[in-house]
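Chains as they are written, first to last, in numbering that gives the first Met the number 0: chain A, 0 to 141; chain B, 0 to 141; chain C, 0 to 141; chain D, 0 to 141. Have a look at the structure below, then the notes.
4 protein chains.
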Amino acid sequence: MASNELLRRIEASFALQGLMRVIEARIAEVSPGRCVIEAPFRKTLTQQQGFLHAGVLTTLADNACGYATLTLFPPGQEVLTAEFKVNFLRPARGVLAIARAEVLKPGRTLTVARAEVWMRAEDGSEMLCAAMQATLVPSATA
Amino acid sequence: MASNELLRRIEASFALQGLMRVIEARIAEVSPGRCVIEAPFRKTLTQQQGFLHAGVLTTLADNACGYATLTLFPPGQEVLTAEFKVNFLRPARGVLAIARAEVLKPGRTLTVARAEVWMRAEDGSEMLCAAMQATLVPSATA
Amino acid sequence: MASNELLRRIEASFALQGLMRVIEARIAEVSPGRCVIEAPFRKTLTQQQGFLHAGVLTTLADNACGYATLTLFPPGQEVLTAEFKVNFLRPARGVLAIARAEVLKPGRTLTVARAEVWMRAEDGSEMLCAAMQATLVPSATA
Amino acid sequence: MASNELLRRIEASFALQGLMRVIEARIAEVSPGRCVIEAPFRKTLTQQQGFLHAGVLTTLADNACGYATLTLFPPGQEVLTAEFKVNFLRPARGVLAIARAEVLKPGRTLTVARAEVWMRAEDGSEMLCAAMQATLVPSATA
Numbered sequence: 000m001a002s003n004e005l006l007r008r009i010e011a012s013f014a015l016q017g018l019m020r021v022i023e024a025r026i027a028e029v030s031p032g033r034c035v036i037e038a039p040f041r042k043t044l045t046q047q048q049g050f051l052h053a054g055v056l057t058t059l060a061d062n063a064c065g066y067a068t069l070t071l072f073p074p075g076q077e078v079l080t081a082e083f084k085v086n087f088l089r090p091a092r093g094v095l096a097i098a099r100a101e102v103l104k105p106g107r108t109l110t111v112a113r114a115e116v117w118m119r120a121e122d123g124s125e126m127l128c129a130a131m132q133a134t135l136v137p138s139a140t141a
Numbered sequence: 000m001a002s003n004e005l006l007r008r009i010e011a012s013f014a015l016q017g018l019m020r021v022i023e024a025r026i027a028e029v030s031p032g033r034c035v036i037e038a039p040f041r042k043t044l045t046q047q048q049g050f051l052h053a054g055v056l057t058t059l060a061d062n063a064c065g066y067a068t069l070t071l072f073p074p075g076q077e078v079l080t081a082e083f084k085v086n087f088l089r090p091a092r093g094v095l096a097i098a099r100a101e102v103l104k105p106g107r108t109l110t111v112a113r114a115e116v117w118m119r120a121e122d123g124s125e126m127l128c129a130a131m132q133a134t135l136v137p138s139a140t141a
Numbered sequence: 000m001a002s003n004e005l006l007r008r009i010e011a012s013f014a015l016q017g018l019m020r021v022i023e024a025r026i027a028e029v030s031p032g033r034c035v036i037e038a039p040f041r042k043t044l045t046q047q048q049g050f051l052h053a054g055v056l057t058t059l060a061d062n063a064c065g066y067a068t069l070t071l072f073p074p075g076q077e078v079l080t081a082e083f084k085v086n087f088l089r090p091a092r093g094v095l096a097i098a099r100a101e102v103l104k105p106g107r108t109l110t111v112a113r114a115e116v117w118m119r120a121e122d123g124s125e126m127l128c129a130a131m132q133a134t135l136v137p138s139a140t141a
Numbered sequence: 000m001a002s003n004e005l006l007r008r009i010e011a012s013f014a015l016q017g018l019m020r021v022i023e024a025r026i027a028e029v030s031p032g033r034c035v036i037e038a039p040f041r042k043t044l045t046q047q048q049g050f051l052h053a054g055v056l057t058t059l060a061d062n063a064c065g066y067a068t069l070t071l072f073p074p075g076q077e078v079l080t081a082e083f084k085v086n087f088l089r090p091a092r093g094v095l096a097i098a099r100a101e102v103l104k105p106g107r108t109l110t111v112a113r114a115e116v117w118m119r120a121e122d123g124s125e126m127l128c129a130a131m132q133a134t135l136v137p138s139a140t141a
């Protein structure tokens, strides 16, 4: 599929996710088997110590894995998360969260993907804050 | 610790979480080693097929595990999530999400907790939609 | 299915697992959606500090989850593990390891099961040493 | 630490693991933050369909993560697995299982490592069969 078509298809699905607007996330890059999603640090999305909430890092990583997987599906299919595991490696501080996912093993029934969530500081440096390993399955379109 | 004191302590930490206001979550119950957190279904918190987003279910389960763990810590300590794994069992539809967590094994360094997220329908029936197993660690207060 | 038939079917699959003989494991109980597998503590199965190796606890828990799942499948199907997550809660010392599994959510494609591995001491007391959450899928018979 | 010293230290711990002899595993490579462990395919280590048992792949990956972590600890410390998650990507057939691990995030309390288990066929080609993400903690020497 042409890269523009792929991006349009992923963005069409992404736009249906209410939660992505709430956390101001956007798709930064997409290519076959890969997806990068970014969201700005917001005080409204913190845990009790002022870091970005584990739930937000997880949401970004989950979506990056989901759309990295969807790039490998034929048009007209959607993707669901069967399960994931996340390690939180450092407190998530900075100005931008960047979830980078790639498919480790595509499959007709089960796809396994990994994502890493990096926090970018004001000076442009990045720290790895979370690592996800996820299993995704195809589903009918909504 | 008296139960009222425990609830006050958990709610004080909870109130510092910006994300909890965004998803309109509230602590429904807390007792030593246990915590229940609820949040209403909102269209703003959905994935692309109109179900509550996996990231929201995860956020609720994570917080329920975290506060179930915090009930066992001495006052003046906070809790951080080291890692978790979640299985998503059914699409999350209904009017209320209820995350019920309990500590499986407390520890000075590592605490292991489990949470289940149930979706309550308008008729009051509940379906199990997600199951988490998490590792939590103590941290200094913010 | 009659309980004897169920046990025979599970034991027929179990007997095909070379690894079960190596760790001297046996099926202690089986009923629809549940399975208990036991194995004696052996010095040959330890890690570097003399405790039962995490890999052995995991093998027992994995098999207990697998056979708990297989009880819910029609005859002529086999089961494969898609993934699992295990927390190790305490060093595994004692005379007998007992893995108790139950299906949390059966499914045509994905089944989610949980297992706990307990170590029984000489005095008959038991300690919870590991907790697994697993995803299983049907597969063709060998 | 000199590389020979590192290898000696890892092998001294490895030699204490009864289970490693049972599965005929050996350390193939070790360097700071990395470890490779190999074991031959044996019919005695299979599941019911004749593939290498998930428990064996997990044992190899767990040990590779553990020793990748131990390379970063000061002499006189041991390492324990707090938890791991494994996805099984393909049936494990071939002549040799190779678990390659690296530390993703070292830490004083928690270290996060990843391992991949590859099966090598007779023709030398390799297939990725399992992927682990693990959390490890220091412990006193035995």
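Backbone N, C-alpha and C fix where the C-beta goes; we use that ideal spot for every residue, glycine too. It should be emphasised that the depicted structure is a prediction, and the values quoted were computed from it without experimental measurement.
Look at K84(A): its C-beta is under 7 Å from a C-beta on chain C. A Cβ-Cβ distance of about 5 Å is found for the pair F40(D) and V94(D), placing them in contact under the 8 Å criterion. Under the three-state reduction of DSSP output, L71(B) falls in the coil class, being neither helix nor strand. Against chain A, the CB of A96(C) has no partner CB under 7 Å away; the residue lies outside that interface. For S12(B) against L69(B), the beta-carbon gap comes to about 7 Å, under 8 Å, which counts as contact. For E77(B), the closest of F50(B), R107(B) and K84(B) by C-alpha to C-alpha distance is R107(B). Taking a C-beta cut-off of 7 Å against chain B, none of the residues of the stretch 7-29 of chain C qualify. The beta strand (DSSP E) runs lying completely inside the stretch 17-91 of chain A and spanning 3 residues or more are 25-30, 33-39 and 76-87, given in chain order. Contact check for A24(A) against I36(A) passes: the beta carbons are separated by less than 7 Å. Within 10 angstroms of the beta-carbon of G123(B) lie fewer than 16 other beta-carbons, which makes it exposed. Along the stretch 66-85 of chain B, going in chain order, the ones with a CB nearer than 8 Å to a CB of chain D are A81, E82 and K84. Secondary structure of A11(D) (DSSP, three-state): helix.
Per DSSP, the beta-bridge partners of A100(D) are C34(D) and A114(D). Closer than 7 Å to the CB of L44(A) there is at least one CB belonging to chain B. Contact between A81(C) and V136(C) is confirmed by a C-beta separation of about 5 Å, below the 8 Å threshold.
Judged by DSSP in its simplified three-state form, L95(B) adopts strand. DSSP places T134(A) inside the beta strand (DSSP E), whose first and last residues are E125 to A139. Among the residues facing chain C, T110(A) is not included, as its CB has no counterpart in that chain under 7 Å away. Looking at the backbone, the Cα of M126(C) and that of C128(A) are separated by about 34 Å. Close to T134(C), with beta-carbon spacing below 7 Å, are these residues of chain B in chain order: N86. Distance from the CA of L5(B) to the CA of P90(D), rounded to the nearest whole angstrom, comes to 50 Å. In terms of beta-carbon proximity, A130(D) lines the interface with chain A, with at least one pair separated by less than 7 Å. Cβ contact annotation for F72(D) (same chain, cutoff 7 Å, sequence separation greater than five): V78 and P137, in chain order. Taking every protein chain shown into account, the CB of R7(B) has fewer than 16 other CB atoms within 10 angstroms, so this residue is exposed. C-alpha of F50(B) to C-alpha of R92(B): approximately 5 Å in a straight line. In the DSSP secondary-structure assignment, R119(A) is bridged to L95(A) and E125(A).
It is roughly 44 Å from the alpha-carbon of T110(D) to the alpha-carbon of P74(C). The alpha-carbon of Q47(C) is positioned some 24 Å away from that of T45(D). The beta carbon of V85(D) sits closer than 6 Å to the beta carbons of T57, A129 and M131 from its chain, once the five residues preceding and following it are set aside; these are given in chain order.
Sixteen is the threshold: when 16 or more other Cβ atoms of the shown chains lie within 10 Å of the Cβ of R113(D), as they do, the residue is buried.
The residue among G65(D), K42(D) and G17(D) with its C-alpha nearest the C-alpha of V29(D) is G65(D).
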